[in-house]
Structure formats: C-alpha cells, structure tokens
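In our numbering, the protein residues as written are 28 to 610. We put the CB at the ideal spot given by N, CA and C, even for glycine. Okay, so here's the structure we're looking at.
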DNA sequence: GCCGTTTTCGGCCCGACTGTTTTCAGTCG
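Have a look at this one:
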C-alpha cells in the first residue's frame with residue numbers, strides 16, 4: 028500500500044520543479060521534474076506494482092534521482108529534499124504564478140526585492156505603485172498585474188470539454204463566414220478531446236489576415252483583448268453553462284494555406300508530442316516548426332497533416348492519441364490502432380426513463396435512439412435502494428418490462444433491451460434477489476452510496492459485484508465528477524484484472540461530467556483484454572447525443588471497434604447477452 | 001535531471017508578442 032498515490036506524487040514533483048525555478052535553478056533541471064511528474068501521472072499500470080518490481084527506471088524521463096525520490100515519497104509519504112525546498116520559500120509565492128504576465132523570474136524579483144509572498148501583498152504593492160519602479164517592471168506591468176488579480180476571482184482554471192467545445196463551435200461559426208478564410212480548424216486540447224481544457228486554439232489560413240484579426244477581437248462573445256498582432260491574437264471569451272457565465276482564453280493564429288498543415292500539427296500539440304516530432308525531424312536532417320518541414324537538401328510540401336507524418340516515416344497519428352504515450356513508436360512500427368468511430372456504434376445500454384429519475388417515457392427514448400440511426404437502446408433505470416431516484420421495486424420492474432415487451436412488438440427499427448442500473452450495496456452484494464436479476468437482459472452494476480469507504484473496502488466491494496455472474500458491466504467506475512469531485516478511492520488496476528478474469532465489461536460513461544473510465548485506464552483495460560461499453564447515462568432523449576464524448580475517451584484510450592461491445596449489431600448483441608457474460 | 005545510430009558530456013523545440021528596453025528578456029503556448 029502506497030503512502031501517496033501517483034497523482035499526489037506527480038503534484039509534488041511538479042511543485043519541486045516550480046520551486047527550483049523560483050530559486051533560479053537551471054531550467055532543464057526544473058523541466059526534468061515536470062517531465063517526471065507527467066510520466067508518473069500518465070502511468071497506466073499500478074505505481075505500487077512498478078515500484079515493487081523495480082521497474083521505475085524503465086519509464087522514460089525517470090532516472091536514478093527521480094526513481095529514488097518517487098520511491099521515498101511512495102513508501103514514506105515524505106521527501107526531505109522537498110521539505111528543505113519549501114523551508115526556503117514562503118508557501119504563498121507559488122500562488123503569484125497564477126497571475127498572467129508573472130513567471131518565475133518576475134515572481135523571484137518580487138519576493139526578493141519587496142518580500143511579496145501572497146496575492147494580498149501583491150495587490151497592496153501595486154496599489155502603492157511600488158511595482159512600477161522595479162527593474163524589468165513598469166507602469167504597464169503593474170496595471171496588468173492588477174487586472175490579472177481582479178480577473179482571477181471570476182475565471183476558473185479549466186472547463187469541461189463540452190463547455191470548451193460549445194464556445195469553440197460558436198466562435199468557429201462566426202469566423203468561418205468571414206471573407207478570405209480558406210481553411211479553419213480548432214486545435215489544442217479541444218481537438219485532442221481532453222476531458223478538460225484551459226483555452227481554445229483556433230487556426231485559419233488566409234492571404235489577408237488583418238481584417239480577420241480585427242473581426243476576431245471584435246466578436247460579441249469577446250470579453251477582453253489580451254493581445255493583438257498580425258498573425259496571433261488572444262482574447263477572453265465568455266460562455267454559459269447551466270445559466271452560469273464562465274470565461275475562457277481563446278487564441279487565433281492566421282497563416283498561409285501552404286503553412287496550414289504545419290501550423291495545424293503544431294497547435295494541436297500536445298507539447299510533448301510536438302517535441303517528439305521535432306526531434307524526429309532532426310533525425311531526418313530536417314527542421315519542423317509551425318510553418319514548414321525543411322532542411323538543407325529539401326523542403327517537404329504538405330497538403331494535410333498526413334503528409335507531414337509520412338515525410339517523417341510515420342503513420343498518421345489521430346489527434347486524440349497525441350499525448351506522448353508511445354504513439355510515435357507505434358506510428359514508426361506501423362502498429363497504430365484503427366480507432367473506433369461514432370459511426371461504429373449501433374446502440375447504448377445505460378439510460379434512464381421517467382420510471383426512475385429520467386425525464387422521458389420509454390417510447391420517447393426509443394424513438395430518439397431510432398432517430399439517431401441506432402438499432403437498439405438499453406434501458407437501465409435505478410434499482411430499489413436508490414429511493415431518492417425513484418428506484419424500481421420488483422413489482423415496478425415487472426410492469427416496466429411488460430411495457431417494453433409491448434413497445435418491442437409495436438415499434439419497428441429499434442429494439443429495447445431490458446436492463447437495470449443495479450446498486451452495488453456496501454458489502455458488494457446486489458440490490459435484487461436472483462429471481463429478479465434473472466428477468467433482465469443485462470445488468471449495469473454501479474456504486475451510489477458509501478463513497479467514503481477505504482480503498483480496500485471499495486475495491487473488494489466492486490470486485491465482488493464484478494464476479495457476480497449476473498453483472499454484465501460496471502457503471503461509472505470511480506464515480507468522479509469532473510472539476511467537482513474526485514472519484515471514490517479504489518484500486519482500479521485490481522478491478523480491471525478482475526473484469527478481465529470474469530469477462531465483465533467496464534463502462535465508459537460518456538456524460539462529460541463523468542468520462543469515467545478515463546482514457547489512461549482504457550489503455551490499460553485494452554492491454555488486459557477487458558471489453559468496454561460506451562454509455563451516455565442519458566436521462567432525456569437529447570442526452571443520447573452525449574455518447575460522442577465517450578467515443579472521444581475511447582479514441583484517446585487507443586480503442587478499436589473490436590474493443591467496444593456496442594459496435595456489435597443487434598443480432599449479435601442479442602446472442603451475446605443471452606449467453607450470459609459476453610466475453 | 002535525463003539521455004545516447006553525434007553515448008558518459010553537453011545538449012535539451014521554437015517562435016510570437018509585450019514591455020521595457022536602446023537590443024533584449026520574460027512569458028506564453
């Protein structure tokens with residue numbers, strides 16, 4: 028059992044990197060900590076196993092020093108080196124880095140010259156005019172810091188992917204209509220479909236950038252202009268989510284149409300993927316930047332990103348896989364997966380109706396699924412213990428199934444599967460007796476209670492449910508709510524191994540608030556041979572469309588059509604479910 | 001601090017924009 032989990036250790040390594048930077052340490056040494064932090068947080072296997080088996084140093088960017096420090100942190104929960112670093116630096120200094128325009132150098136100066144170690148002191152110093160006189164600072168910097176301080180209150184760090192995409196689509200729609208726009212794409216983490224995004228990157232190709240830039244900074248959703256140049260501008264845009272306003276930075280780059288594929292590749296990232304691409308270009312005696320791929324002997328022409336990858340001897344890497352988790356090596360070996368697509372799906376299994384806490388009738392949900400082009404829809408309302416969500420008693424289960432039989436007889440082109448989202452009770456047992464469970468086509472087992480159990484308890488509880496012969500799939504594996512609540516403590520690696528053993532599927536919950544199982548664990552599940560099912564957890568007809576966010580996660584997790592249960596057509600799903608555990 | 005078909009030292013991706021400068025450092029992505 029580890030004293031700290033991998034995310035806590037990664038956070039400490041990241042902080043060490045920042046602290047060293049504030050001390051004016053060599054920036055590559057600082058960067059090494061940041062790289063190590065990323066490597067640890069992206070670990071697919073269990074960190075405890077890796078440490079125990081002595082494989083830490085096999086991880087790229089983990090050397091002797093890092094391996095030592097990580098082991099110390101994991102086994103003792105402490106690190107003297109880290110504690111010493113913190114002693115020499117007031118804890119609040121790190122907060123100053125949250126202000127735009129303040130980096131490590133300026134923060135160091137502020138701390139050493141004026142003793143500023145908190146946002147409050149920074150504000151006071153600005154208002155007293157003390158900042159403007161510092162060397163390297165000035166009146167404008169001081170004003171900018173004040174603005175940044177005021178803005179910090181209303182701007183959250185990141186937003187969910189659905190919020191980011193909504194804003195990106197709105198901006199894109201307006202820019203697309205402008206004269207002179209040849210090609211336009213959303214880049215960055217939105218294009219890579221990360222579960223949260225910090226900003227929106229837009230790219231346009233045009234021969235006449237000036238009027239496009241002018242139109243961009245004048246868009247109605249633009250709240251503030253951060254910077255404006257001939258090829259690059261940055262603004263703050265506002266969006267609305269559940270009637271709450273949120274703010275997001277949006278950057279636009281305009282390049283020529285010849286440069287577009289290179290710029291698209293560059294601004295899609297990730298940063299680590301870009302570094303790997305550039306290093307690969309150097310190996311080919313070429314230089315890659317956002318404008319070209321060229322060297323002393325040749326210049327590579329590219330119409331699309333695919334041409335760039337091919338010029339470097341690589342298969343095309345889909346944006347979702349560009350996270351530097353082995354995609355370059357796989358692209359070189361020509362072993363990249365053919366990623367599952369939205370069009371591969373024929374239905375989904377975890378959905379609610381007004382029989383429990385959903386908003387629509389069985390028929391409305393069925394017709395909505397049919398309209399989406401699906402062959403089947405699985406209904407899995409809540410089970411009896413979840414009284415707050417109007418969970419079904421055994422009597423109501425029978426009545427609902429009767430209605431489904433009638434609908435299946437009457438509706439053409441869509442089949443309803445009789446499922447249930449069955450609560451996993453505190454001790455890992457299920458919420459119905461065997462005779463009720465036997466009436467369902469399939470069972471989604473989910474945790475909805477006792478989130479505070481220890482990791483050992485929760486893991487044993489979930490594994491017990493997974494081993495139950497009636498459980499077809501595990502619903503929202505950790506119960507996390509993105510940017511709101513961490514998942515319950517559970518050893519997912521052990522859960523995935525149990526799922527592989529028993530042939531139980533794991534759900535990707537496509538609701539953008541959940542996106543659970545996460546993409547890294549999808550990769551792990553695939554390598555263990557666990558089958559995945561993508562479910563929207565829809566509580567209304569329009570929420571069936573959320574399924575696309577689940578496809579994004581699956582693609583980030585390198586999943587192919589064959590890894591995802593609901594790519595099977597109706598006939599095969601019927602046969603599969605009738606046989607019990609399908610895999 | 002990490003890394004190696006330039007391998008145990010000496011690199012480490014690269015460019016736009018801003019503000020404070022008077023030629024460039026810092027920040028950002």
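- Residue burial annotation: residue 596 is exposed, with fewer than 16 other C-beta atoms found within 10 angstroms of its C-beta.
- Three or more pairs of CB atoms, one per stretch, sit closer than 8 Å, so the segment 372 to 383 contacts the segment 395 to 414.
- Measuring C-alpha to C-alpha distances from residue 208 to each of 74, 446, 196 and 230 identifies 230 as the nearest.
- Non-local C-beta neighbours of residue 240 in its own chain, meaning closer than 6 Å and more than five positions away in sequence, comprise 260, ordered along the chain.
- If you draw a 10 Å sphere on the C-beta of residue 300, you find 16 or more other C-beta atoms in it, and that means buried.
- Taken in chain order, the unbroken stretches of beta strand (DSSP E) that lie wholly in the segment 506 to 545 and span 3 residues or more are 532 to 536.
- DSSP places residue 185 in the coil class of the three-state scheme, outside both helix and strand.
- In this structure, the CA atom of residue 312 is about 55 Å from the CA atom of residue 395.
- For residue 445, the enclosing beta strand (DSSP E) has its first and last residue at 442 to 450.
- DSSP places residue 351 outside both helix and strand once states are collapsed to three, so it counts as coil.
- C-alpha of residue 577 to C-alpha of residue 561: approximately 6 Å in a straight line.
- Take the alpha-carbon of residue 358 and the one of residue 343: they are about 7 Å apart.
- Unbroken alpha helix (DSSP H) runs of no fewer than 4 residues, entirely contained in the segment 231 to 288, are found at 236 to 244, following chain order.
- In this structure, residue 215 keeps its C-beta atom at 8 Å or more from the C-beta atom of residue 156.
- In this structure, residue 519 keeps its C-beta atom at 8 Å or more from the C-beta atom of residue 537.
- Take the alpha-carbon of residue 351 and the one of residue 69: they are about 10 Å apart.
- Positions of the alpha helix (DSSP H) runs, each at least 4 residues long and wholly inside the segment 303 to 380, are given as 332 to 338 and 354 to 359 in order along the chain.
- Note on geometry: alpha-carbon atoms of residue 413 and residue 508 lie some 19 Å from one another.
- The shortest CA-to-CA distance from residue 386 to any of 593, 600 and 569 is the one to 569.
- Distance check between residue 371 and each of 88, 582 and 65 places 582 closest, using alpha-carbon atoms only.
- In the DSSP annotation of this structure, residue 56 is not part of any beta strand (DSSP E); the continuous alpha helix (DSSP H) holding it starts and ends at 54 to 68.
- Counting C-beta atoms within 10 angstroms of its own C-beta, residue 37 has 16 or more neighbours from the protein chains shown and is therefore classed as buried.
- For residue 604, same chain residues with a beta-carbon under 8 Å away, outside a window of 5 residues either side, are 444, 468, 469 and 499 in chain order.
- Around the CB of residue 405, 16 or more other CB atoms lie within 10 Å, so the residue is classed as buried.
- Rounded to whole angstroms, the gap between the alpha carbons of residue 330 and residue 345 is 16 Å.
- In this structure the segment 54 to 69 touches the segment 29 to 46; the number of beta carbon pairs closer than 8 Å is three or more.
- A Cβ-Cβ separation of about 6 Å places residue 255 in contact with residue 244 under the 8 Å criterion.
- Taken through DSSP and simplified to helix, strand or coil, residue 226 comes out as strand.
- In this structure, the beta-carbon distance from residue 456 to residue 418 does not fall below 8 Å.
- Residue pairing for residue 210: DSSP places it in a beta bridge opposite 232.
- Distances from the alpha-carbon of residue 171 to those of 186, 150, 601 and 546 put 150 closest.
- In terms of Cβ geometry, residue 217 and residue 248 do not form a close pair [threshold 8 Å].
- Annotation: the continuous beta strand (DSSP E) that includes residue 405 extends over 403 to 409.
- In this structure, 188 is the residue among 109, 188 and 115 with its C-alpha nearest to the C-alpha of residue 575.
- With a beta-carbon spacing of about 14 Å, residue 534 and residue 514 fall beyond the 8 Å limit used to define contacts.
- By the neighbour-count criterion, in which 16 or more other beta carbons inside 10 Å mark a residue as buried, residue 594 falls on the buried side.
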